[in-house]
Each structure stands twice: as C-alpha cells, then as structure tokens.
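**Student:** Take this structure first; my questions come after.
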Amino acid sequence: MPAARPDSPTRRRAPLAASTSVSTLSTVLAAAALSFATAAHAAQVEVLHYWTSGGEAKSAQVLKQMLEKKGDTWVDFAVAGGGGGNAMTALKTRVVAGNPPAAAQIKGPAIHEWGDEGVLMPIDDVAKQDGWDRVLPPEIAAIMKYNGQYVGAPVNVHRVNWLWINADALKKVNAQPPATWDDFFRVADALKKAGITPVAIGGQPWQEAETFETVALGVGGAAFYKKAFVQLDDATLKGPTMVKALETFRRLRTYADASQTGRDWNMATAMVINGQAAMQFMGDWAKGEFTVANKVPGKDYLCVAAPGSQNAYTFNVDSFVFFKVKTPGVDKGQKDMAGLLMSPAFQQTFNLNKGSIPVRQDLDLSKFDACAKKSSADFKAAGAAGALVPSWAHDMVVSPAVEGAFYDVIGKYWSDESMTAQQAANRLAAAAKTQ
Ligand code: GAL
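The sequence shown: position 195 = 575 (my numbering), numbered continuously.
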C-alpha cells in the first residue's frame with residue numbers, strides 16, 4: 381500500500397498588533413516576502429521507491445538528505461517488496477487515478493511504456509547541461525531516453541550474476557569458491573554433510589526467476605543468453621541448452637531449506653551473514669546488507685561470479701523517471717532530483733551503501749571495496765567481449781508482460797516436480813509471445 385501523503389502544514393498568521401511601528405511592519409513584510417520566496421522554491425517531491433531493507437534504506441536516505449539540502453522536501457512513498465513488483469502495482473493505481481508521484485523508481489522497457497502513455501516529464505535540459513551523454517555507456521543512455529529525450533536518470537549498475545559465500549562455512553568444509561557447476565554441487569554436498577544449508581533462497585517469484593537467469597547464463601554462456609532472453613528466439617528457448625539450464629536449476633532446490641516460501645531476499649542474505657546458510661545467488665544489493673552488518677569482503681564473505689559466468693556480466697540499472705504533476709512548482713524539485721541523481725557526489729555515496737557501482741564512467745573508485753572494483757573491471761571486460769547482458773528478471777530487457785509470464789513458468793517449475801525441464805522450456809517459448 382502506498383504511504384499516506386502528509387497534508388501540507390497549515391500556516392497560522394500572527395495578527396499584526398495595532399501599535400506595530402512602521403519599521404517593525406516593514407521588517408515583518410520583508411520576512412514574509414522572504415518566506416514566500418523560500419516556499420516558492422521549496423518543492424515537495426513525492427518519491428516512489430522500494431528500497432526498504434537495511435542497505436537499501438540507508439541508500440534512499442542519502443538521496444533524501446541530498447535533495448533536502450537543495451531546499452526541496454522529500455515525501456516518502458516507499459512500497460516494500462524486493463524486485464519492485466508491489467511498487468509497480470501501486471504506481472499504476474496512482475497514475476490511473478490521475479495523481480502520479482513526482483518521481484518513481486522504474487527501469488528498462490517499462491520506461492518506454494510509460495513514455496507511450498504521455499505521462500512522463502522530459503529531463504533533457506538537465507541531461508544536456510550536465511553532459512550525461514559524455515559519461516554514460518550508450519546502451520544505458522538509450523534506455524533512459526524516450527523519443528530521443530532523456531526521461532530517466534540512472535543511478536547505478538548492479539551486477540546480478542554473483543554468488544555470495546560465507547567464508548567460515550567454506551573453510552569448515554575446506555573448499556574453494558566453486559568455479560564450475562560440478563564444483564558447485566561438490567561443495568554443496570560437503571556443506572550439507574557438515575549440517576550447513578548450502579543455498580539460501582527466498583521462495584518469491586522474482587528470486588526464483590533471478591536464480592534461474594543466473595544459472596542459465598552460467599550453463600549456456602552470454603551468446604545463448606542473448607539469443608534466448610534478448611532476441612526471444614523460439615528454438616533457443618525450448619532447445620537443449622535451456623533444458624540443461626532448467627535441470628541444473630532444479631538440482632539447486634535440494635540444497636535449499638524447506639522454509640523458503642515467501643522469504644524476503646534480505647532474510648536469505650541474513651542467513652548467509654550469520655552462517656545459517658553458506659551461499660546465495662543474488663545481485664549486489666545483497667552486499668548492502670553485508671555492509672550494514674559490518675562484514676568485510678574477502679574476510680567474512682566472498683563475492684564471486686556464479687559458476688560458469690566468470691566472463692559474463694548481467695546488468696541491472698536502477699533509474700528514476702518523473703511524472704507530469706498538476707501542482708505548480710514541483711518541476712523545480714524534479715529537476716533538482718534529476719541533476720542530483722547523476723551528480724558525482726551522489727553516485728559515489730549512494731553506491732557505497734547500495735552495493736552497486738556508479739553508472740557514470742568517469743568516477744574514481746578508490747573508496748570502493750574489492751567486490752565493487754571487480755564488478756567495474758568485469759563490466760568493462762564483458763562489454764568489450766560482447767558478454768554484457770541485461771537482466772530479464774530485473775526488468776531490463778523484456779516487456780513487463782513477458783517478464784511476468786516467465787516468472788510464472790519458472791515459479792511453477794521450481795515448485796512442481798512433475799513438470800519436466802522440456803515442458804518448462806516449451807512454456808518459456810510460449811511465454812515469450814505474451815503481448
Ligand atoms: C532490484 C533493484 C535493486 C534491489 C533489488 C531488491 O530490482 O534493482 O535496487 O533493491 O531489486 O529489491
């Protein structure tokens with residue numbers, strides 16, 4: 381449910397006493413004029429987002445504080461629910477009612493769908509003034525534009541194909557981080573024997589979809605991934621590599637605990653943080669949770685590319701779009717926010733908390749940890765090798781309708797052992813045709 385909008389505070393005017401002298405009166409009038417000017421410049425910016433876990437909330441706080449420094453007021457419209465499904469439902473309700481929030485966290489093709497509705501406010505003037513084209517990777521700039529104009533402001537690059545590992549758990553079974561799927565299942569067997577849950581997962585459709593996406597990349601490689609999930613090639617979607625990926629994915633289930641249903645992703649990360657489970661497949665927003673828990677990469681936990689996906693990089697870029705709103709003056713706050721989101725200072729502090737890396741390519745990463753540095757190096761290397769792929773489970777490539785249909789297939793396959801891998805592959809191919 382969207383948070384209630386706080387009513388604007390009613391102002392009480394102090395009545396002027398009859399004996400007020402002219403000089404006092406002019407001081408009062410000057411003060412009133414000043415406060416009117418400030419009020420005219422202080423825009424209320426209602427921001428829809430779904431950053432409610434420990435690391436996420438800290439990151440959202442950075443944005444709120446920086447926006448308020450510009451004299452604008454942040455009106456929080458946080459809708460809990462990892463992956464943003466609940467937030468998107470709440471957004472639709474508000475737009476349909478003709479009362480959209482000033483800003484919303486939206487990604488990928490959905491930006492264009494909202495553009496088609498004619499409800500977005502371009503921020504191209506801010507982008508031109510601040511030279512966004514010069515500092516953004518062109519593929520990402522293209523996602524942010526509608527009809528050639530910027531309507532979205534990107535804040536980060538999250539890598540999705542990570543495996544997070546509790547370092548002590550791995551030591552207990554005297555193992556190295558698994559590089560191949562064979563290694564992975566060997567390590568997982570050893571962990572099971574030692575009484576440690578090998579894989580932490582939350583049984584929610586987007587988490588299952590994300591895990592499958594990562595397995596598919598590791599099993600089939602970047603070229604296969606692109607053919608299947610970017611080009612939606614029918615033969616690839618139901619072909620033998622997809623079947624192998626689905627079989628590998630199903631094997632994972634036997635290494636996860638039985639109480640996964642409905643578990644939030646950050647609760648699964650907490651299991652890895654406290655040693656209850658050894659590993660989690662998750663994008664690097666998980667690192668935000670390790671950071672909040674004061675855990676150190678390389679010592680307390682390890683970040684490695686998921687088995688078989690070392691040379692590839694699944695990207696997930698968070699961004700905000702701005703809606704045309706009726707209240708006069710809000711556009712000032714919206715433009716302030718757009719400029720802020722792409723500013724070097726914001727991108728640095730925000731991403732240190734969020735677990736991602738800046739999307740601006742001109743920033744110094746010396747303050748970032750080893751996982752972020754690896755992410756940045758791998759992003760560049762994968763880009764050069766044609767192995768940079770968009771995350772379909774995180775809204776980056778297929779339409780929201782196809783994404784939802786894929787979620788359904790993967791979720792059913794994960795929980796229903798009677799569905800064969802080939803049947804699931806056929807269903808994926810059918811789901812790709814969803815309008
Ligand atoms: C992703 C989003 C991230 C992260 C995650 C969990 O879709 O891009 O910023 O917070 O969901 O909610």
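C-beta: ideal position from N, C-alpha, C; glycine also.
(1) Which of the three DSSP states, helix, strand or coil, is assigned to Asn695?
(2) Determine whether the beta carbon atoms of Ser433 and Lys734 lie at a separation below 7 Å.
(3) Could you tell me whether the segment 481-493 touches the segment 699-714, using the rule of 3 or more Cβ pairs below 8 Å?
(4) Cβ atoms of Ala657 and Thr577: under 7 Å apart, would you say?
(5) Is it buried or exposed, Pro518, if we count other Cβ atoms within 10 angstroms and call 16 or more buried?
(6) Would Val789 and Ala811 be called neighbours here (beta carbons separated by less than 7 Å)?
(7) Distance, Cα to Cα, Gly601 vs Trp512?
(8) Looking only at its own chain, which residues have a Cβ that is under 8 Å from the Cβ of Gln728, when we skip the five neighbours before and after it?
(9) For Trp454 and Gln714, I'd like the C-alpha separation in whole angstroms.
(10) Check whether the segment 749-763 touches the segment 666-679, counting contact only when three or more Cβ pairs, one atom from each stretch, lie closer than 8 Å.
(11) Where do the ends of the alpha helix (DSSP H) carrying Pro518 lie?
(12) Quick one: any contact between the segment 665-673 and the segment 648-656, if contact means 3 or more CB pairs under 8 Å?
(13) Could you tell me if Asp452 is buried or exposed, where buried requires 16 or more neighbouring beta carbons within 10 angstroms of its beta carbon?
(14) From the DSSP output, in three-state form, read off Thr649 for me.
(15) Can you tell me which of the three DSSP states Arg633 falls into?
(16) For the 8 Å Cβ check, are there 3 or more pairs between the segment 546-557 and the segment 594-609?
(17) Closest to Val475 by C-alpha separation, out of Pro489, Glu493, Gly488, would be which residue?
(18) Just how far apart, CA to CA, sit Asp510 and Met717?
(19) Would you check if the segment 606-624 and the segment 522-537 touch, i.e. whether three or more CB-CB distances between them fall below 8 Å?
(20) Take the Cβ of Arg514 as the centre, count every other Cβ of all protein chains shown within 10 Å, and call the residue buried at 16 or more, exposed below.
**Tutor:** Let me spell this out:
(1) In the sequence as presented, Asn is not what sits at residue 695; that position holds Phe. Phe695 falls in the strand class under three-state DSSP.
(2) no
(3) yes
(4) yes
(5) exposed
(6) yes
(7) 32 Å
(8) Pro738, Leu743, Lys747
(9) 11 Å
(10) yes
(11) 518-524
(12) yes
(13) buried
(14) helix
(15) helix
(16) no
(17) Glu493
(18) 13 Å
(19) no
(20) exposed
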